[in-house]
Amino acid sequence: MAAASFGIGTTEFVIMGLLPDVARSLSATIPQAGYLVSGYALGVVIGAPIVAMATAGIPRKTALLALMALFTIGNLGCALAPDYWLLMTARVVTAFAHGAFFGIGAVVASNLVPREQRTQAVSLMFAGLTLANVLGVPFGTALGQAAGWRAAFWAVVVIGIVAFLAITRFVPSGMPGTRGGLAKEFRALGRWPVLLPMLISTMASVSMFSLFTYITPLLEEVTGLTPHGVTGALLAIGVGLTIGNLIGGRLADRNLLSTIIGAFICLVIVLGALALVVHMALPTLVLLILWGGIAFALVSPLQIWVVDAATDAPNLASTLNQGAFNLGNATGAWIGGVALNTGMHYAQLPLLAALVAMAGLGLTLSSFIDRRILPAQISPAE
C-alpha cells in the first residue's frame, strides 16, 4: 500500500513543480494551470462516494488492484493529452482511484495493530504519500524540466505498474468487503460528530493548498530561487512532510485532539513568520520545511478522528474523508488562483493560508463546547 500511495502522491503533487512548463506548453496562464490541481482534487471528491459504493462488496485486495489499474490508465492519459481540457479530464479520471484507495487502506491498516497504535499505522501507510514529496515530486519536477512535463507522467505510469505488481505480491487476500451495510453507513454519515472532523480536514487542506499550489512561482519570483533551487526546496519540504506525518501519528496516539489543536496553532505562527521573510532564501526554506511537517502532522490524526466518530460507517467515512481533504485541495488552489487574479501577490499567500488555518483551529476548539461530538478515546480529559 505504501508503494501505491507513493505513486498517488507523486501524480497529485508533481504538477505543482511543473505549473510554468504546463502553462507555456498548453498556452494557459499559471492560475489556469493551477486549476489542474483543483480538477484532480474534485475528481477525488466526486469519485470517493461513487467508488466506495462500487467496491463495497468486493474483497479489499481486488478493490485495491482495480483502483491501481484505473490510476495507471489515467496517468497514461495525462502523458498523452494534447490540450488543456483533455489533460484536465485525464487528471479527474486518475483522481477517482485516490479517495477509495486511502480510505480502504486506512481502515485496513488501523485494524492490523493494537488500538493504541492505530494512528501510527495509518501514518505509516501515508508515508508513501510523504515519500512521494521527498523523492517523487522533486525528481519528477527535475525530469519534467529537463525532458518536458509529459515525461513526469510517463514516470508515474511506470510507478503505477510497479505498485500494481507489489499489491498483487504483498497485500494479503481474505479481507472481504462490506456486505449489506452500505445504507447504514450512509445514514451514519449525516451526524454532526462525523461531519465536524471532515469539515476540519477540508479546512486543513484549504490552508495548505492555497499556498502549496503556487509554491514554484513564489520561490522563483519572490524568493529568487533558480529552477534547480526550487527542486531542492521541494525535496527539503518533502522531508518535512515525511517527518511531520510520522511525528503526528505518534503524538496523536497519546492525545488526538491536543495534537490537532497544537498543529493548527503552530501552522498559524509559522505561516505568519513566512510572510515576513519570504524574500530571504534561507529563512524561507527553514519555515517551509516546518510548515510542511506541521501540515502533514494533521493528516492521520484527522483520518482516525473520522473513523472513530463514524463507528457504524468506518469504511465509507474513511473514504469520504479523503474526499474532504481533496475538496480542501481544490478549494485552496481555487482560492489562491482567484486571489492572484484579483491582485494579490505571491508573497501574500502565506497570510491567506494562515487565515484559513485559524478557521480550522476555531472549528477544532469548538469541540470543547459540545463534548458529545468527541468519541470517548479522544476526549480532552484523556
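Numbering (my numbering), first residue to last: 1344 to 1725.
Where a beta carbon is used, it is the ideal one built from N, C-alpha and C, also for glycine.
Only a predicted model underlies this, so the values are computations on that prediction, with no experimental measurement involved.
Buried versus exposed call for F1513 [16 or more other C-beta atoms within 10 Å across all chains shown]: Residue burial is scored here from C-beta neighbours: F1513 has fewer than 16 other C-beta atoms within 10 angstroms and is therefore classed as exposed.
C-beta atoms of T1800 and P1363 nearer than 8 Å: There is no way to answer for residue 1800, as the model of the chain reaches only from 1344 to 1725.
Whole-angstrom distance between L1683 and G1567, CA atom to CA atom: Straight-line measurement puts the Cα of L1683 at about 18 Å from the Cα of G1567.
Sequence-distant residues of its chain with Cβ nearer than 6 Å to F1444 (five each side left out): So the list reads L1410, once near-sequence residues are dropped.
Cβ-based neighbour list, A1366, same chain, cut-off 8 Å, excluding 5 preceding and 5 following: For A1366, where only same-chain residues beyond five positions count, the Cβ hits under 8 Å are T1372, I1373, Q1375 and A1376.
Buried/exposed call for D1426, threshold 16 Cβ in 10 Å: The Cβ neighbour count for D1426, taken over all protein chains shown within 10 Å, is under 16; the residue is labelled exposed.
Straight-line gap, N1476 to V1435 (C-alpha atoms, nearest Å): Using only the alpha carbons, I get a separation of about 20 Å.
Cβ-based neighbour list, L1753, same chain, cut-off 6 Å, excluding 5 preceding and 5 following: The requested residue 1753 is not part of the displayed model; the chain covers only 1344 to 1725.
Cβ neighbours of V1450 in the same chain (closer than 8 Å, five flanking residues each side left out): Sequence-distant partners of V1450 (beyond 5 residues in either direction) whose C-beta falls short of 8 Å from its own C-beta, in its chain, are V1650, P1657, N1658 and S1661.
Helix, strand or coil at I1721 according to DSSP, with G and I counted as helix: With a pLDDT of 48 at I1721, under the threshold of 50, the modelled position of this residue cannot be trusted; read the value that follows with caution. Looking at I1721 - three-state DSSP - the assignment turns out to be helix.
Cβ-based neighbour list, L1542, same chain, cut-off 8 Å, excluding 5 preceding and 5 following: So the qualifying residues of the chain are A1667 and L1706.
Alpha helix (DSSP H) segment containing L1419, residue limits: Its alpha helix (DSSP H) spans residues R1403 to L1423.
Helix, strand or coil at Y1557 [DSSP, three-state]: Three-state result, Y1557: coil.
Exposure of G1448, with buried meaning 16 or more beta-carbon neighbours within 10 Å: Buried is the call here.
Presumed contact (8 Å Cβ cut-off) between G1483 and A1495, rounded CB distance: Going by Cβ atoms, the distance from G1483 to A1495 rounds to 4 Å, so yes, they are a contact pair.
Whole-angstrom C-beta distance between S1548 and N1588, which should lie under 8 Å: Between S1548 and N1588 the Cβ distance is about 14 Å, and since that is not below 8 Å, they are no contact.
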